[in-house]
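Notes to accompany the following structure.
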Amino acid sequence: MGSNIEDNQDDVPMELQLKGKKASSQKLKRHDSLDVEASKMPNAKQVVGLSVLLKLAFQSIGVVYGDIGTSPLYVFSSIFLEGVKHEDDILGALSLILYTITLIPVIKYVFIVLQANDNGDGGTFALYSLICRYSKVGLIPSTMAEDSDVSTFKLDMPDRRTRRASHLKSMLENSQFAKFFLLIATMLGTSMVIGDGVLTPCISVLSAIGGVKAAAPEAMTEGRIVWLAVAILIVLFMFQRFGTEKVGYTFAPILCLWFVLIAGIGVYNFVIYDIAIFRALNPMYIVSYFQRNGKDAWISLGGVVMCITGAEALFADVGHFSVRSIQISMCFVTYPALILAYLGQGAYLMKNADDVANTFYASIPKTIYWPMFVIAVLAAIIASQALISGTFAIIQQSLALGCFPRVKIVHTSKKHHGQIYIPEINNLLMIACVLTTIGFKTTEKLSNAYGIAVVFVMFLTSCFLVLVMILIWKTNILLIIAYVLIIGSVELVYLSSSLYKFEQGGYLPLALAMFLMFVMYVWNYVYRKKYHYELEHKISPEKVKETMDATSSHRLPGLAIFYSELVHGIPPIFKHYVENVPALHSVLVFASVKSLPISKVPLEERFLFRRVKPYDLYVFRCVVRYGYNDMRNEEEPIEKLLVERLKNFIKEDYMFSIAANGGNQGETASLIEKDVEVLERASNMGVVHLVGEQDVVACKGSGVVKRMVINYAYNFLTRNLRQSSNKVFDIPTKRMLKVGMTCEL
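When we follow UniProt numbering, the leftmost residue of the sequence shown carries the number 1, and every step to the right adds one.
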């Protein structure tokens, strides 16, 4: 219940409380007695001080920009795989790099996409959750009227252009195909980001270690480079357990030094070799590049796109930091350093075109070669961090929305809620990275695989962003068309070039994405089937007394909490329980743990209660609402919070009843005191947590595919990946009772 009501309840006379309730009941439509509480909650935004903002900006350098920051290691070599054929081709490629970095990471992500964050969290699922929150395109029918009362649920939307938004909303809500398409597209984008998380460490580390081979080709064979890269990758993933904050503080100084050095070397190179390299800012060099090279220029775009690898991490990792901190670090550190670095490499190549296969290390002044090599290796290791952190955040979001098996999530910071570590995912990423490095061996082969994943995720983000622009932002149609024609078309061209290299390694990210999509879809499919099964077999509140009377159940002292994901009605496992155990506790609470498509639900708004009549049954229904980034029960055990909120609900429920129907105030005060005393006595006698353990099987007559998905694929995931219920809900093992039940879906 709301703290305003709770804190003042005992100090205000009953008569004044009832008058206040009577007045408020005339203004509020009563979905539930918690409407009073919800209406008092402010939609306050957390104000971040300048010192905290700068600290987060500094940390973000060590976590977010490693991938895009180390792209100068391999971009020119990826563009000119067969060498430079014409001097002006260097200017054309450099011009493409400069405008691509400006258009995609800076204009698109930093200034547009980051504004589409979901209460501070980013990524594909954040965009999907925004769309689900505004239009009913989710496939789980668990929406409640009270959900929109959560302060973080509400969206500030302008009044203009609502007709276009309403039309699109109606089309999405009335099309089952559109709902499935959005979900599948979200899963595919998420899978591609995770694929990036596999490829980024491999290509970054191999590129950096290549500097040893350039300096001492006889000492470092290809095999030695591969095994050294594998050792570095294993150390990197073992370091993840220390958390984003420690990783950021450790890596940020190194990456800051990296940006200073590559910027300085860039300035040195264009001063020494070609001060007129700035003429590459003329986009006509791009036109002449395509006129001269035709199809080869189009194919080379797959190498150009390597300069924006990791741009999606700016959005995926925003939950670890903040929008403003990432904007500061990108605009004032990363972007200027990259522009100077590429200008310097272009100037060097104008005089040394034969060194294009090893542009980065060849352009380093000899006096600082080995110190720069050490920094490059460290920066390449850090480059992996951006997508690893982003993968953790995306898995957490997909898990909460019913699209991934339950895995252990470790919150590594008490100050910043988004900083997490997932051990199982970390280990799987490490194994995948090691196998990929051993299998591909060189950066040239990996770059073919990498481009598809990078550009596809960017293009999918643009598609979702257009929906957000229309549905939520209600952006001017001319601006939406401009976005699609400029940014969307550029990304499509890059994607087409990357797909050309499918047979040369481009199949890898698609294969990874298909596997992850299969896992996500299987889990989500059975999750939805189970929910519909419970919905079809639910017990209405009116039937509870009838069910209890039919089984002659005896009441025992104590409080029992039944857990379920069903929001509407009493779960069927209750009937199964009373038929086999003819004894019930004196107070029963049916708790539905529900994830809302928002990042966080304030603690004061987390619980919704309803009372099952007649009142002397002492049976309550409760919905416990979480956002996908909420730390479950870190503040207090769920039973303690539930009992405290339930006491306040009992008081307000009686007050609403009097305000609406009239009644004796003295008698009501006595009933309130009695019911609160019953609840306190029950909780003091002991709390039992009843958790349904549902085994699912395909029903008789099911097709072969359905039986394979439910009986084998889903049950395999359940046995090997699913976290136990007591860890998810923070239930003490000694007071937890599992109730087994088989569901035929």
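The beta-carbon is built from N, C-alpha and C at its ideal position, and this holds for glycine as well.
All of these numbers come straight from a predicted model, not from anything done at the bench.
If you reduce the DSSP assignment to three classes, tell me which class residue i lands in.
i: residue 317; result: coil
i: residue 634; result: The predicted position of residue 634 is uncertain, since its pLDDT is 49 and thus under 50; a value taken from the coordinates is nonetheless stated next. The answer is coil: DSSP assigns residue 634 none of H, G, I, E or B.
i: residue 613; result: coil
i: residue 690; result: strand
i: residue 753; result: Look at the range of the chain in this structure, 1 to 745, and you will see that residue 753 is not part of it.
i: residue 745; result: coil
i: residue 701; result: coil
i: residue 539; result: strand
i: residue 737; result: strand
i: residue 696; result: strand
i: residue 440; result: helix
i: residue 607; result: strand
i: residue 90; result: helix
i: residue 470; result: helix
i: residue 570; result: strand
i: residue 4; result: Low confidence applies to residue 4: its pLDDT is 35, below 50, so where it sits in the model is not reliable, and the reading given next is rough at best. Three-state result, residue 4: helix.
I'd like the list of long-range same chain contacts for residue i, defined as Cβ closer than 8 Å, with 5 residues on each side in sequence excluded.
i: residue 106; result: 330, 331 and 335
i: residue 556; result: 583, 584, 585 and 586
i: residue 520; result: 187, 190, 191, 398, 403 and 404
i: residue 523; result: 402, 403, 404, 405, 714 and 717
In terms of residues, what are the limits of the alpha helix (DSSP H) holding residue i?
i: residue 556; result: First-last for residue 556: 554-564, but that is the beta strand (DSSP E), not the alpha helix (DSSP H).
i: residue 574; result: 573-580
i: residue 169; result: 162-174
i: residue 80; result: It is not in any alpha helix (DSSP H) - residue 80 carries neither H nor E in the DSSP assignment.
i: residue 331; result: It is not in any alpha helix (DSSP H) - residue 331 carries neither H nor E in the DSSP assignment.
i: residue 668; result: 665-685
i: residue 125; result: 124-134
i: residue 58; result: 50-63
i: residue 482; result: 477-483
i: residue 492; result: 489-499
i: residue 67; result: 66-69
To which residues of the same chain is residue i closer than 6 Å at the C-beta, ignoring the five residues directly before and after it?
i: residue 554; result: 583
i: residue 743; result: 533, 694 and 696
i: residue 325; result: 53, 56, 57 and 60
i: residue 134; result: 471 and 472
i: residue 410; result: 421
Give me, in chain order, the residues of the same chain whose beta-carbon lies closer than 7 Å to that of residue i; leave out the 5 immediate sequence neighbours on both sides.
i: residue 433; result: 198, 201, 202 and 233
i: residue 79; result: 93, 300, 303 and 304
i: residue 581; result: none
i: residue 382; result: 62, 66, 251, 254 and 255
i: residue 734; result: none
i: residue 441; result: 222 and 226
i: residue 113; result: 315, 461 and 465
i: residue 237; result: 426, 429 and 430
Please state if the CB of residue j and the CB of residue i are separated by a distance shorter than 8 Å.
i: residue 207; j: residue 443; result: yes
i: residue 622; j: residue 608; result: yes
i: residue 793; j: residue 258; result: Any answer about residue 793 is impossible in this case: the structure gives the chain only from 1 up to 745.
i: residue 589; j: residue 547; result: no
i: residue 451; j: residue 501; result: yes
i: residue 498; j: residue 488; result: no
i: residue 118; j: residue 103; result: no
i: residue 376; j: residue 317; result: no
i: residue 292; j: residue 86; result: yes
i: residue 561; j: residue 591; result: yes
i: residue 277; j: residue 343; result: yes
i: residue 643; j: residue 544; result: no
i: residue 90; j: residue 378; result: no
i: residue 341; j: residue 352; result: no
i: residue 124; j: residue 193; result: yes
Provide the residue span of the beta strand (DSSP E) that contains residue i, from first to last.
i: residue 747; result: Residue 747 falls outside the range modelled here, since the chain spans only 1 to 745, and no answer is possible.
i: residue 588; result: 583-595
Query - Inside the stretch 256-321 only - alpha helix (DSSP H) runs reaching at least 4 residues - result: With a minimum length of 4 residues, the continuous alpha helix (DSSP H) runs that stay inside the stretch 256-321 are 284-293, 295-304 and 311-316.
Report task. Write down every uninterrupted run of the beta strand (DSSP E) in the stretch 181-229 whose length is 3 residues or greater and which is fully enclosed by it, in chain order. Result -> none
Query - Complete runs of the alpha helix (DSSP H) confined to the stretch 344-412 [at least 4 residues] - result: 359-362 and 369-400
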